[in-house]
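Chemist: Protein chains in written order, with our numbering: chain A, 1 to 228; chain B, 229 to 456. For every residue, glycine included, the Cβ atom is placed at its ideal position computed from N, Cα and C. Bear in mind that the values here come from a model prediction, so they are computed numbers and not experimental data.
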DNA sequence: AAGTGTGAATGCTTTCACAGCT
DNA sequence: AGCTGTGAAAGCATTCACACTT
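Here you go:
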């Protein structure tokens, strides 16, 4: 049926941006690809192409029904349901994510906390009990939790990953600045803050150097978190 | 001199990963592109190609000198110096980043905190005073701070961005889940946690659907944070 | 008229494969 | 013999431009 043509990774990244723009456009009934382009920073052609990977959602001469397209994208991304999320590693960053509203509002609810530090295990964070990482299989049993956010230090990241996979986790959002290896059916996306700062450093540095030579064009590329 | 050929965005993203792998390989003197490939998940050809955008760092028949290549990449990325970083928006996430060691160890030092909440202004966070965002021009004056991390909510993100630019900030790492528009000489990278979770949701959902049809291949693409 | 859907063309990026250096 | 550096080829993604629909 659908899955014949290969869908570009970047299309998926943009889909959620389109969705956000649609939420902002809810006071109007219909949007054109041109209008969506302005709101999202993509091109109109890009948006139409991206959408046709999944179906025909527009009306020629009119545009896209805001409500309907939003509904469709939710379905495509699988965010038309609530996902429970396990958060592993209750350090500074982990604690900051627990109460993060941006996740809840799109249906990602952090429901289980894990750590390996005996001092933390048993304590509560934002109303949730911190469990022993070694009990994860037991705790997640029958909860249907498939997504984990990994906010542990680099060193134990791989070992913890193995435990997660054993517990049935299928997708990991990894904040640790190290590669974790997983079997091919497990999805990993990495958020590497230091890497992003290094890229900013590069671009600033390059600008300084190139100003001395000539005016180098700024590239306005788009890309996103990485699979390993 | 250098800036003739267009350098792929993804090359820059990988550069920092190579650098990390080199740090891990410091007990050995020389690495081949093949070995680096294994450590970073890229291909050997990719690594060689990426590096030749910037020079010839290897010795045919031998490989790359670990120490030397690490030094070169630091220079390319501009991380052979210390960057001072302004952190704007001292909420949960902001507070979590202040003490983050991963930044400090690569030379990114958060030196100035800003918020707009009168209750927070004047207080301290991890030993740093929280300043009024409206004083930013004054506070950053002559500090040479060019990078800002933006951890404010969506609504004020654009307005705060304008203030940052006025204060001379040249690069922004934006955690707010909204597009911020900036003049072309300003660099923005976005980290959008909810978007990443949505992508994980998509891949899990797709796997479930495609298992019913046929075994769809897993794509192992690589990409990273986005410019808008 | 206005705006979608889409093959074809263009433009990038990655991979291949091998000449050439050590 | 081993491994880099690199043109050429292959593989992807984006943009164009227009037929077609409302």
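Which of helix, strand or coil does DSSP assign to residue 203/A?
Modeler: The residue given as residue 203/A occupies position 203 in the first chain. Helix at residue 203/A.
Chemist: Beta-carbon separation of residue 392/B and residue 376/B under 7 angstroms?
Modeler: Along the second chain, read from residue 1 onward, the residue named residue 392/B stands at position 164. Along the second chain, read from residue 1 onward, the residue named residue 376/B stands at position 148. The answer is yes: Cβ separation under 7 angstroms.
Chemist: Is residue 324/B close to chain A? Criterion is C-beta to C-beta, closer than 7 angstroms.
Modeler: Translated into the one-based positions of the second chain, residue 324/B becomes position 96. Chain A contact via Cβ: present.
Chemist: Tell me the DSSP secondary structure of residue 102/A in three-state form.
Modeler: By one-based count along the first chain, residue 102/A stands at place 102. Looking at residue 102/A - three-state DSSP - the assignment turns out to be helix.
Chemist: Taking 7 angstroms as the threshold (C-beta atoms), are residue 191/A and residue 304/B in contact?
Modeler: The count along the second chain starts at 1 and reaches residue 304/B at position 76. The count along the first chain starts at 1 and reaches residue 191/A at position 191. No, the Cβ-Cβ distance between residue 304/B and residue 191/A is not below 7 angstroms.
Chemist: In the structure shown, what three-state DSSP assignment does residue 312/B receive?
Modeler: To locate residue 312/B, count along the second chain from 1; it is residue 84. Note: residue 312/B maps to strand in three-state DSSP.
Chemist: For the ligand NAP, is there a heavy atom less than 6 angstroms away from the beta-carbon of residue 130/A?
Modeler: For the structure depicted, the ligand NAP is absent and the ligand set is empty, with no information on it obtainable.
Chemist: Quick one: list the residues of chain A neighbouring residue 331/B, beta-carbon separation under 9 angstroms, in chain order.
Modeler: Counted from its first residue, the second chain places residue 331/B at position 103. The answer, in chain order, is 193, 194, 197.
Chemist: Thinking C-beta only, is residue 66/A closer than 7 angstroms to residue 88/A?
Modeler: For the purposes of this step, residue 88/A is taken as residue 88 along the first chain, with counting starting at 1. For the purposes of this step, residue 66/A is taken as residue 66 along the first chain, with counting starting at 1. Cβ distance not < 7 angstroms, so residue 88/A and residue 66/A don't count as in contact.
Chemist: When you compare the CB positions of residue 285/B and residue 274/B, do they come within less than 7 angstroms of one another, or not?
Modeler: Numbered from 1 along the second chain, position 57 holds the residue referred to as residue 285/B. Numbered from 1 along the second chain, position 46 holds the residue referred to as residue 274/B. No, Cβ-Cβ distance for residue 285/B and residue 274/B is not below 7 angstroms.
Chemist: Should residue 336/B be flagged as near chain A, meaning a C-beta pair shorter than 7 angstroms?
Modeler: Residue numbering aside, residue 336/B sits at position 108 when the second chain is read from its first letter. For residue 336/B, the answer is yes, since a Cβ of chain A falls inside 7 angstroms of its Cβ.
Chemist: Among 266/B, 249/B, 282/B, 251/B, whose alpha-carbon lies nearest the alpha-carbon of residue 239/B?
Modeler: As a working note, residue 239/B is residue 11 in the second chain. Closest by alpha carbon: 282/B.
Chemist: Would a C-beta distance cut-off of 7 angstroms place residue 373/B and residue 106/A closer than the cut-off?
Modeler: Locating residue 373/B in the second chain gives position 145, counting from the first residue. Locating residue 106/A in the first chain gives position 106, counting from the first residue. Cβ distance not < 7 angstroms, so residue 373/B and residue 106/A don't count as in contact.
Chemist: How should residue 122/A be labelled, buried or exposed, when 16 other C-beta atoms within 10 angstroms of its C-beta is the threshold for buried?
Modeler: Taking the first residue of the first chain as position 1, residue 122/A is located at position 122. By the neighbour-count rule (16 or more Cβ atoms within 10 Å), residue 122/A is not buried but exposed.
Chemist: Suppose contacts are defined by Cβ-Cβ distances below 7 angstroms. Is residue 150/A in contact with residue 174/A by that definition?
Modeler: Locating residue 150/A in the first chain gives position 150, counting from the first residue. Locating residue 174/A in the first chain gives position 174, counting from the first residue. Contact flag set, yes.
Chemist: Three-state secondary structure (DSSP) at residue 129/A?
Modeler: Position 129 of the first chain, counted from the start, is the residue given in the question as residue 129/A. Residue state, collapsed to three classes: strand.
Chemist: Give me the subset of the segment 31-56 of chain A whose CB atoms are less than 9 angstroms from a CB atom of chain B, sorted by chain position.
Modeler: For the segment 31-56 of chain A, which is checked against every Cβ of chain B, the residues closer than 9 angstroms are 39, 40, 41.
Chemist: If I follow the unbroken beta strand (DSSP E) through residue 460/B, where does it start and stop?
Modeler: The structure shown does not extend to residue 460/B, since chain B is modelled only from 229 to 456, so the question has no answer here.
Chemist: Once DSSP output is grouped into helix, strand and coil, what is the label at residue 322/B?
Modeler: Here residue 322/B is taken as the residue at index 94 of the second chain, counted from 1. DSSP places residue 322/B in helix when its eight states are reduced to three.
Chemist: Which residues of chain A have a Cβ atom closer than 9 angstroms to the Cβ of residue 341/B, listed in chain order?
Modeler: The residue you call residue 341/B lines up with position 113 of the second chain. Result: empty, since nearest Cβ-Cβ is about 15 angstroms, beyond 9 angstroms.
Chemist: Give the secondary structure of residue 141/A by DSSP, where H, G and I count as helix, E and B as strand, and everything else as coil.
Modeler: Taking the first chain and counting its residues from 1, the one referred to as residue 141/A is at position 141. Correct three-state label for residue 141/A: coil.
Chemist: So that I know if they touch, is there some Cβ in chain A lying closer than 7 angstroms to that of residue 190/B?
Modeler: The question about residue 190/B has no answer here: the residues shown for chain B are numbered 229 through 456.
Chemist: Could you check which residue in 29/A, 14/A, 59/A has the C-alpha nearest to that of residue 37/A?
Modeler: On the first chain, residue 37/A is found 37 positions in, with the first residue counted as 1. Residue 14/A is the option with its Cα nearest to residue 37/A.
Chemist: Taking residue 415/B as part of the alpha helix (DSSP H), name the residues at either end of that continuous run.
Modeler: Position 187 of the second chain, counting from 1, holds the residue named residue 415/B. Here residue 415/B belongs to no alpha helix (DSSP H); instead the beta strand (DSSP E) covers 415-418.
Chemist: At the 7 angstroms Cβ level, is residue 403/B part of the contact set with chain A, yes or no?
Modeler: Here residue 403/B corresponds to residue number 175 of the second chain, with the count starting at 1. Not closer than 7 angstroms to any Cβ of chain A, the Cβ of residue 403/B fails to qualify, so no.
Chemist: According to DSSP, is residue 109/A part of a helix, a strand, or is it coil?
Modeler: Taking the first residue of the first chain as 1, we reach residue 109/A at position 109. In this structure, residue 109/A counts as strand in the three-state DSSP scheme.
Chemist: Please list, in chain order, the chain A residues whose beta carbon lies closer than 7 angstroms to that of residue 431/B.
Modeler: By 1-based counting over the second chain, the position of residue 431/B is 203. In chain order: 171, 187.
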